[in-house]
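The structure appears below as structure tokens.
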Amino acid sequence: MLQISRLEVNVRRLLGRCELMAKDNSQKDWKLEKYILSLDEMIKKLQTLPDKPSKDVLTTYIKRLDFLKGIVNTAKLNNPDERVAAVQMLSKASNANDTLGPNIATQIHQKTTARYNQELRAELFHTEKGSLDDGIRHRYPSTTMQDEDLDALMKFNRNIQEKIAENMLSMTSSMKEHALAASAIIKKDIGTLEKSDKLTNVNTGKLKTESLKLEEHTKSNWRCWVWLMIAFVLVVFFNMVLFMKISKKKV
Numbered sequence: 047m048l049q050i051s052r053l054e055v056n057v058r059r060l061l062g063r064c065e066l067m068a069k070d071n072s073q074k075d076w077k078l079e080k081y082i083l084s085l086d087e088m089i090k091k092l093q094t095l096p097d098k099p100s101k102d103v104l105t106t107y108i109k110r111l112d113f114l115k116g117i118v119n120t121a122k123l124n125n126p127d128e129r130v131a132a133v134q135m136l137s138k139a140s141n142a143n144d145t146l147g148p149n150i151a152t153q154i155h156q157k158t159t160a161r162y163n164q165e166l167r168a169e170l171f172h173t174e175k176g177s178l179d180d181g182i183r184h185r186y187p188s189t190t191m192q193d194e195d196l197d198a199l200m201k202f203n204r205n206i207q208e209k210i211a212e213n214m215l216s217m218t219s220s221m222k223e224h225a226l227a228a229s230a231i232i233k234k235d236i237g238t239l240e241k242s243d244k245l246t247n248v249n250t251g252k253l254k255t256e257s258l259k260l261e262e263h264t265k266s267n268w269r270c271w272v273w274l275m276i277a278f279v280l281v282v283f284f285n286m287v288l289f290m291k292i293s294k295k296k297v
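Numbering (my numbering), first residue to last: 47 to 297.
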């Protein structure tokens, strides 16, 4: 079992604290944004450690941090329509976090969505804040007023659908551009690898040729030295024989 570093323990604790604060109400606590900035720096530092956690664990931390950033950025929007549309775009991030840990991300998303929907209804139906907190829908006695409210609600739904469709088209276009850029880079890398492979083959052929030449040259030199040694031994032998004969005659 791998030992968890102190920095990772602090990251886990601060992540849990930020998620609880976001669950209560991200708009009321100004410290949440400061904590998220500190979390971002801590996770970046955690990625540079030699004993950093696995890639899956780091991905989990980054997804949870990105989800919290989205909650904070959504709370900064002034228009209720924009807040509702933005929080709907965060639903995929909350589902991704649920598969990796507790369902607190889903709870945050549900409470945030309900709160922004209440604020939007307050603006559409001109109801007071107290009636929204109690969950009571204000009913107008006039049928004409009800028809107008229904038209406003339908118009709001159409606007939300149009914004979601625009966001999806924008994301699709961006993904297409990234895919084309990645394809061009991959093709360029493949071309470079093919050139390197050809150059390697050429260099290998040249190396084999030079090795054969060197081997032949080494063998020829070895043969010359062998013949020279044989000639030297013969010369020494004949000189010894002559010396022995001359020595016998003198004696």
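By construction, the Cβ of each residue, glycine as well, lies at the ideal position given by its N, Cα and C atoms.
Among the options, nearest to residue i - alpha-carbon criterion
{"i": "Leu-170", "options": "Phe-202, Lys-233, Thr-152", "result": "Phe-202"}
{"i": "Thr-158", "options": "Leu-166, Glu-128, Ile-117, Asn-124", "result": "Ile-117"}
{"i": "Val-130", "options": "Ser-100, Ile-150, Gln-164, Thr-152", "result": "Gln-164"}
{"i": "Asn-302", "options": "Asn-71, Asp-86, Asp-70", "result": "In the structure displayed, the chain extends from 47 to 297; residue 302 sits before or after that span and is not available."}
{"i": "Leu-123", "options": "Pro-99, Ser-257, Leu-166, Thr-152", "result": "Leu-166"}
{"i": "Leu-199", "options": "Gln-156, Leu-92, Asp-127, Met-214", "result": "Asp-127"}
{"i": "Thr-120", "options": "Met-135, Ser-216, Tyr-107, Lys-109", "result": "Met-135"}
{"i": "Asp-70", "options": "Lys-222, Thr-246, Ile-150, Glu-223", "result": "Ile-150"}
Outcome for residue i when other beta-carbon atoms lying within 10 angstroms are tallied against a minimum of 16
{"i": "Glu-54", "result": "buried"}
{"i": "Ala-378", "result": "Because the chain here runs from 47 to 297, residue 378 falls outside it and cannot be looked at."}
{"i": "Leu-114", "result": "buried"}
{"i": "Ile-236", "result": "exposed"}
{"i": "Ala-228", "result": "exposed"}
{"i": "Leu-288", "result": "exposed"}
{"i": "Arg-269", "result": "exposed"}
{"i": "Arg-204", "result": "exposed"}
{"i": "Ala-160", "result": "exposed"}
{"i": "Leu-36", "result": "In this structure the chain extends from 47 to 297, so residue 36 is not present and cannot be described."}
Residue span of the alpha helix (DSSP H) that contains residue i, given as start and end
{"i": "Asn-71", "result": "52–71"}
{"i": "Thr-120", "result": "101–121"}
{"i": "Leu-95", "result": "From DSSP, Leu-95 is part of no alpha helix (DSSP H); its letter is neither H nor E."}
Cβ neighbours of residue i in the same chain (closer than 8 Å, five flanking residues each side left out)
{"i": "Ser-84", "result": "Leu-60"}
{"i": "Tyr-81", "result": "Leu-60, Arg-63, Cys-64, Met-67"}
{"i": "Ile-182", "result": "Bear in mind that the predicted position of Ile-182 carries a pLDDT of just 44, short of 50, making it unreliable; the figure below should be weighed with that in mind. None."}
Neighbourhood of residue i by C-beta, 7 Å cutoff - its chain only, sequence neighbours within 5 removed
{"i": "Ser-51", "result": "Leu-95, Asp-97"}
{"i": "Ser-188", "result": "With a pLDDT of only 47 at Ser-188, under 50, the local geometry of the prediction cannot be trusted, and the value read off the model is given with reservation. There are no such residues."}
{"i": "Asn-249", "result": "none"}
Euclidean distance between Cα positions of residue i and residue j
{"i": "Ile-154", "j": "Leu-226", "result": "36 Å"}
{"i": "Ile-206", "j": "Glu-212", "result": "10 Å"}
{"i": "Ile-89", "j": "Glu-79", "result": "15 Å"}
{"i": "Leu-260", "j": "Trp-273", "result": "20 Å"}
{"i": "Thr-105", "j": "Trp-76", "result": "26 Å"}
{"i": "Met-290", "j": "Thr-264", "result": "39 Å"}
{"i": "Ile-292", "j": "Phe-284", "result": "12 Å"}
{"i": "Met-286", "j": "Glu-262", "result": "36 Å"}
{"i": "Ile-232", "j": "Ser-242", "result": "15 Å"}
{"i": "Met-221", "j": "Lys-234", "result": "20 Å"}
{"i": "Lys-294", "j": "Trp-271", "result": "35 Å"}
{"i": "Lys-255", "j": "Lys-244", "result": "Reading off the sequence shown, one finds Thr at residue 255, where the question assumed Lys. Cα-Cα distance, rounded: 17 Å."}
{"i": "Ala-230", "j": "Thr-246", "result": "24 Å"}
{"i": "Ala-277", "j": "Leu-258", "result": "29 Å"}
Same chain, Cβ closer than 6 Å to residue i, five either side skipped, listed in chain order
{"i": "Lys-209", "result": "Ala-131"}
{"i": "Tyr-162", "result": "Arg-129, Val-130, Val-133"}
{"i": "Leu-239", "result": "none"}
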